[in-house]
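Q: For the sequence shown, position 229 matches number 244 in this note's numbering, and the numbering has no gaps at all.
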Amino acid sequence: MESSQHGKMAATEEQNGHVEPLTPPTEKKLEVKDKYWLILQLIWLNLLILPYLLLEIYRKIFPAPGKSLKGQVVLVTGAGRGLGRGLALGLAKEGCKVAVADVNKDNALDTAAKIVNRGGVAKAYFTNVAKVEEIRELREAVTTDLGPVDILLNNAGLVHGDPLEVDVEEAIKGVIAVNLLSHFWMVREFLPTMRERNSGHIVAVASVGGLVAIANASAYVASKFGVRGFMEAV
16 MESSQHGKMA ATEEQNGHVE PLTPPTEKKL EVKDKYWLIL QLIWLNLLIL PYLLLEIYRK
76 IFPAPGKSLK GQVVLVTGAG RGLGRGLALG LAKEGCKVAV ADVNKDNALD TAAKIVNRGG
136 VAKAYFTNVA KVEEIRELRE AVTTDLGPVD ILLNNAGLVH GDPLEVDVEE AIKGVIAVNL
196 LSHFWMVREF LPTMRERNSG HIVAVASVGG LVAIANASAY VASKFGVRGF MEAV
C-alpha cells in the first residue's frame, strides 16, 4: 500500500514539476576561425627568416677572410702582468708592434722582453694612466718609437672592495681615477689622430662588475658600469 502511494506521488511530482531528462555532455572541438589567415602568417614568418638562414649558410660555406693585424701598432695599458700581459703577448703573436704601458717599470720591461725574445716588436713605457700629462707624453713617445697607434687597448685597472661606510676616500678616488677617468684621458688623447687617418680601434676592458653589482665593491662596480656607458657614448 505504501509503495503504491509513493509511486503515485513520484508520478505526480514529475507531471507538476515538468522534469525533463538531462542531455549527456557533448565534446566541443576547437576550430580555427580563419585557418587560411594562419597559414599565410606562417608563410610570411618563414619568408622573413629565410634570408637570414641563407646568409648564415653562405657564411659557413664561404667564411670571410680574417683581418690581418700584422704591422699594426697596439698600445696596451696595464700590460705588465695578468690579463694585460696576456693580451700583449697574443697581439705580438699576430704580428703587432706592441707598446707595453704599465705603472710598474719592472713588470713592463719583463712583458716587453718576453715579446722580443719570441721574435716580436715591443717597447716598454712607464705610465700612470690616472695622470693626463703622462698620457700625453706616452702618445708622443709611442708615435716616435713605433708609429701612430692603430689599436688602443685600455686595460689598466685596480681591484678594490670595502663596505662604503668604511671605505677610505683616497682609495675610492684612486679606483675611479684609474678604472674610469683614465679611459676619458686616453681616448681624448689618441682618438683625434685616428680620426685624421680615418683608421683605428679603441678597446675598453671592463668586467662582470660592469654587468652585475658586487656587494662591498661600490667604487669598483661604479667604475666598470661607467666604462660601459662611456664606450657606448663614444
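Idealized CB from N, CA, C, for every residue including glycine.
Remember, it's a predicted structure, so these values are computed and weren't measured experimentally.
Could you tell me if I76 is buried or exposed, where buried requires 16 or more neighbouring beta carbons within 10 angstroms of its beta carbon?
A: So I76 ends up on the exposed side.
Q: Per DSSP, which one or two residues make a beta bridge with I229?
A: I229 is not bridged to any residue.
Q: Using DSSP with H/G/I as helix, E/B as strand and the rest coil, what is V249?
A: V249 falls in the coil class under three-state DSSP.
Q: Taking DSSP as the reference, what is the three-state secondary structure of F205?
A: If DSSP states are grouped into helix, strand and coil, F205 belongs with the helices.
Q: Quick check for students: name the residue ranges of the alpha helix (DSSP H) that lie wholly in the region 44-100, counting only runs of 4 or more.
A: Entirely contained in the region 44-100, the alpha helix (DSSP H) runs reaching 4 residues are, in chain order, 50-76.
Q: Measure the C-alpha to C-alpha separation of L45 and V242 and round it to an integer number of angstroms.
A: Because the pLDDT at L45 is just 49, under 50, the model does not fix this residue reliably, and the point stays unresolved.
Q: Which whole-angstrom value is the C-beta distance of V88 and A103, which I expect to be below 8 angstroms?
A: That belief does not hold up - the Cβ atoms of V88 and A103 are roughly 13 angstroms apart, past 8 angstroms.
Q: So for L102, helix, strand or coil by DSSP?
A: Looking at L102 - three-state DSSP - the assignment turns out to be helix.
Q: What do you get for K239, buried or exposed, if any count of 16 or more other CB atoms within 10 angstroms of its CB means buried?
A: When all chains shown are included, K239 counts as buried.
Q: Can you have a look at N119 and say buried or exposed, based on whether 16 or more other CB atoms are within 10 angstroms of its CB?
A: When all chains shown are included, N119 counts as exposed.
Q: At the level of alpha carbons, what is the spacing between S83 and E109?
A: Looking at the two C-alpha atoms, the distance is approximately 8 angstroms.
Q: Take G93 and list the residues in its own chain whose beta-carbon comes closer than 7 angstroms to its own, dropping the five residues that flank it on each side.
A: Once the five neighbours on either side are set aside, the close Cβ partners of G93 are G99, D117, N170, A171, G172.
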